[in-house]
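> Take a look at the following structure, please.
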Amino acid sequence: MTLPLSTGQSGGKLIIVSGPSGVGKGTLLRRVRQTGLFPLVMSVSATTRAKRPGEEDGVDYYFLTREDFLARRSRGEFLESFEVYPGGALYGTLTEPVARRLEEGKWVILEIDVKGARQVLQTFPDAVSIFVLPPSFEDLEKRLRGRGTESEESLAKRLAQAKSELASADEYKYRVVNDRLDDAVADLTAILKNC
Ligand code: 5GP
Numbered sequence: 267m268t269l270p271l272s273t274g275q276s277g278g279k280l281i282i283v284s285g286p287s288g289v290g291k292g293t294l295l296r297r298v299r300q301t302g303l304f305p306l307v308m309s310v311s312a313t314t315r316a317k318r319p320g321e322e323d324g325v326d327y328y329f330l331t332r333e334d335f336l337a338r339r340s341r342g343e344f345l346e347s348f349e350v351y352p353g354g355a356l357y358g359t360l361t362e363p364v365a366r367r368l369e370e371g372k373w374v375i376l377e378i379d380v381k382g383a384r385q386v387l388q389t390f391p392d393a394v395s396i397f398v399l400p401p402s403f404e405d406l407e408k409r410l411r412g413r414g415t416e417s418e419e420s421l422a423k424r425l426a427q428a429k430s431e432l433a434s435a436d437e438y439k440y441r442v443v444n445d446r447l448d449d450a451v452a453d454l455t456a457i458l459k460n461c
């Protein structure tokens with residue numbers, strides 16, 4: 267299945283949201299979806315990483331074995347796919363569910379890393395790109411530790427990755443600082459009203 271040539275044809279929009287792990291993208295997006303102002307749906311990515319407690323297959327991610335992921339990739343089923351952390355799990359966006367939701371006129375949110383965003387923007391330059399920033403790097407480290415879902419090793423990887431991702435924020439059309447959640451929700455809402 268291919269994506270509609272113009273994402274605008276059906277009223278659908280492709281919205282890329284990136285930002286370092288722990289910055290609060292999930293909470294922010296949930297709050298904006300709850301306003302009901304926009305026909306937003308989250309794209310469910312595929313990953314080879316282990317499921318965290320409370321995560322559900324088909325809801326948070328499609329949890330695939332590496333073998334299955336690679337087979338699908340070689341069949342061209344991904345819009346983009348990357349090893350987000352060097353030497354780590356694979357993550358990717360499956361084309362078919364995204365195309366289906368765009369045809370339904372939905373605004374599809376891709377919560378993906380910087381490499382994935384670049385790839386999608388090459389194919390869809392009219393996708394809306396938004397980067398979520400922490401108020402400071404120290405704040406990000408505090409949040410990531412507070413979440414308590416990562417081992418020290420995984421935490422170190424995520425923080426190193428965050429440093430390099432933050433340097434790419436200027437490549438995005440819009441930036442939102444997630445300091446006070448209510449302000450970030452208002453900022454993101456204003457962006458979506460105008461995009
Ligand atoms: P986590 O393991 O914390 O769920 O996700 C780690 C990072 O992987 C997220 O910050 C997100 O940006 C990135 N990610 C999640 N899904 C995808 C995807 O489908 N493609 C790409 N390129 N990155 C993804």
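If you count by this note's numbering, then the sequence shown holds residues 267 to 461, one letter each, in order. Cβ atoms here follow ideal geometry from the backbone N, Cα and C, with glycine treated the same way. No experiment lies behind these values; they were computed from the predicted model shown.
What whole-angstrom Cβ distance do G285 and R409 have, given they're in contact under 8 Å?
Residue numbering aside, residue 285 sits at position 19 when the sequence shown is read from its first letter. Residue numbering aside, residue 409 sits at position 143 when the sequence shown is read from its first letter. Contact flag wrong, Cβ pair sits at about 12 Å.
> Please work out which residues of its chain come closer than 8 Å, Cβ to Cβ, to V298, disregarding the five sequence neighbours upstream and downstream, and give them in chain order.
As a first step, residue 298 is located in the sequence shown; it is residue number 32 there, counting from the start. F304, L306, V451, L454, T455 and L458.
> Are there three or more Cβ pairs, one per stretch, closer than 8 Å when the stretch 348-368 is compared with the stretch 422-431?
Cβ pair count under 8 Å is three or more, so yes.
> Given that a residue counts as buried once 16 or more other Cβ atoms are within 10 Å of its Cβ, and exposed if not, what is F403?
Locating residue 403 in the sequence shown gives position 137, where the first residue counts as 1. Its Cβ having fewer than 16 others within 10 Å, F403 is exposed.
> Just to check, is the beta-carbon of F348 closer than 6 Å to a non-hydrogen atom of ligand 1?
On the sequence shown, residue 348 is found 82 positions in, with the first residue counted as 1. Yes, the Cβ of F348 comes within 6 Å of a heavy atom of ligand 1.
> Would you say Y357 touches ligand 1, meaning its beta carbon is less than 6 Å from a heavy atom?
Here residue 357 refers to the residue found at position 91 of the sequence shown. Yes, the beta carbon of Y357 sits closer than 6 Å to at least one heavy atom of ligand 1.
> What separation, rounded to the nearest whole angstrom, lies between the Cα atoms of L368 and F390?
Sequence index remark: in the sequence shown, residue 368 carries index 102 (1-based). Sequence index remark: in the sequence shown, residue 390 carries index 124 (1-based). Taking the straight line from one Cα to the other gives about 13 Å.
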